[in-house]
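If you count by this note's numbering, then the sequence shown holds residues 32 to 334, one letter each, in order.
In this text, a Cβ means the ideal position worked out from N, Cα and C, and glycines have one as well.
Here the structure is laid out as structure tokens; the discussion comes afterwards.
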Amino acid sequence: MEQIILNSYVENVRIDAWLSSKLDKYSRTYIKKLIDENHVRVNGKNIKSNYKVKFQDEVVLTIPEPQVLEVKPEKIDIDVVYEDNDIIVINKPKGMVVHPAAGNYSGTLVNALMEYCGDRLSDINGVVRPGIVHRIDKDTSGLLIVAKNNSAHEELSSKLKDHNIKRIYIALVYGVIREEYGKIDAPIGRHPVDRKKMSVNTKSGKRAVTYFKVIERFKDATYVELNLETGRTHQIRVHLSYIGHPIIGDPTYGKDKKHFNTEGQALHARKLIFEHPATKKKMEFEAEPPEDFKNILRQLRGE
């Protein structure tokens with residue numbers, strides 16, 4: 032455990048901003064976390080992150096010991112769509128978390144990959160996210176790419192950042208979308224009240240763009256295809272809810288209805304198109320949606 036003592040020679044500056052300017056190796060987000068967890072005291076008292084430092088304040092930070100996470104390989108069946116020496120393409124089932132996080136260190140795709148691949152996974156993202164280039168939500172099914180080595184990981188991450196990996200989803204949404212196709216361009220950030228949720232946030236959100244195309248219309252629902260330009264957390268779910276067409280079964284951004292027998296949102300990552308990081312060959316993969324998605328579709332069609 033490390034303790035840092037600083038004295039203020041400024042007036043009327045937010046403490047989180049002041050500390051992040053003084054301590055380069057810690058982000059403002061991490062400093063705010065320390066403040067929220069009462070690891071920062073001013074003149075012997077706990078404060079909030081909006082506290083404004085005064086001249087000659089004594090600020091004491093206690094940096095807790097980092098928590099050591101042990102992620103263990105687990106024998107879990109995974110649907111490997113494609114594999115070579117550089118990449119694996121996985122069809123993730125609904126209900127599986129991609130990587131371990133607080134309170135959820137087992138049963139994830141990473142646990143399964145560690146058993147399946149051994150040490151043949153990139154380590155750019157550390158012990159908790161080996162090989163993971165991009166994620167999909169726990170209750171979203173479908174395709175994602177895993178990197179087996181750092182070279183492939185860096186190349187794929189660069190392509191993802193430059194919007195050179197095409198990710199096409201399908202979803203079933205409430206309400207009838209009248210347009211044949213459209214573009215949702217609305218910034219996404221943390222919800223201002225519920226910090227566990229994301230929302231369209233014009234003040235502090237990051238640019239987010241989703242393209243949609245109608246596949247089929249029903250009496251009170253629409254079957255849509257979605258193409259991501261950006262990849263914000265919960266982007267598709269937030270954007271569709273924002274335009275008044277939340278995804279069927281979405282417990283967070285959907286309507287408070289239970290018309291269909293589904294656990295979680297009817298959203299599936301159906302297609303991936305990208306250039307192989309080593310061979311530069313064009314790769315294209317497609318995965319059928321899971322049975323509960325198909326069952327909702329049959330119900331909507333009256334089959």
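Where the alpha helix (DSSP H) through residue i begins and ends
i: serine 51; result: 46-53
i: threonine 60; result: 59-67
i: isoleucine 327; result: 322-332
N-terminal and C-terminal residue of the beta strand (DSSP E) that residue i is part of
i: glutamine 34; result: 33-38
i: asparagine 122; result: 118-123
i: serine 172; result: 172-178
i: lysine 313; result: 313-317
i: arginine 151; result: Per DSSP, arginine 151 belongs to no beta strand (DSSP E) and is neither H nor E.
i: threonine 139; result: It is not in any beta strand (DSSP E) - threonine 139 carries neither H nor E in the DSSP assignment.
i: arginine 160; result: Run containing arginine 160: none; DSSP gives neither H nor E here.
i: glutamate 89; result: 89-94
i: arginine 72; result: 71-73
Close Cβ partners of residue i (< 7 Å) along its chain, the five nearest in sequence each way excluded
i: aspartate 216; result: Val240
i: asparagine 156; result: Ile163
Closer than 7 Å: residue i CB and nearest the ligand ZN heavy atom
i: histidine 184; result: In the structure on display, the ligand ZN does not appear, and there are no ligands present to speak of.
Contacts around residue i, its chain only, beta-carbon distance under 6 Å, and the 5 residues preceding and following it disregarded
i: leucine 331; result: Phe249, Ala252
i: serine 39; result: Val84, Asp88
i: glycine 236; result: Pro218, Ile219, Gly220
i: isoleucine 196; result: Lys190, Phe305
i: asparagine 292; result: none
i: histidine 307; result: Met314
i: lysine 244; result: Tyr212, Glu256
i: glutamate 260; result: His194, Val240
Minimum C-alpha distance to residue i - residue among the options
i: threonine 233; options: Phe243, Lys244, Arg221, Asp225; result: Arg221
i: threonine 171; options: Leu54, Ile278, Ile246; result: Ile278
i: aspartate 225; options: Tyr61, Asn122, Tyr284; result: Tyr284
i: isoleucine 35; options: Asn43, Val41, Glu42, Tyr57; result: Tyr57
i: leucine 37; options: Met229, Arg59, Asn74, Gly126; result: Asn74
i: alanine 297; options: Leu259, Tyr205, Pro308; result: Tyr205
i: phenylalanine 305; options: Lys76, Ser235, Ala183, Asn81; result: Ala183
i: tyrosine 147; options: Val44, Arg238, Thr93, Glu105; result: Glu105
i: alanine 178; options: Pro124, Ser153, Ser51; result: Ser153
i: lysine 228; options: Asp168, Gly213, Val255; result: Asp168
i: proline 131; options: Lys125, Lys123, Leu140; result: Leu140
i: tyrosine 273; options: Lys64, Phe86, Lys214; result: Lys214
i: proline 124; options: Glu334, Ala318, Met145; result: Ala318
Strand pairing of residue i, partner residues [DSSP]
i: leucine 144; result: Leucine 144 is not bridged to any residue.
i: aspartate 14; result: There is simply no residue 14 to check, as the chain begins at 32 and stops at 334 in what is shown.
i: asparagine 135; result: Ala132
i: lysine 76; result: Val73
i: valine 84; result: Val44
8 Å CB neighbourhood of residue i in its chain, flanking five on each side removed
i: leucine 191; result: Val164, His165, Gly262
i: histidine 70; result: Leu92, Thr93, Ile94, Pro95
Unbroken beta strand (DSSP E) runs of length 3 or more, entirely within the segment 228-310: which are they?
Counting only runs of 3 or more residues that sit fully inside the segment 228-310, the beta strand (DSSP E) segments are 229-231, 240-248, 252-259, 298-306, in chain order.
Identify every run of the alpha helix (DSSP H) within the segment 176-228, keeping only runs that are complete inside it and at least 4 residues long; order them along the chain.
Within the segment 176-228, the complete alpha helix (DSSP H) runs of at least 4 residues are 181-192.
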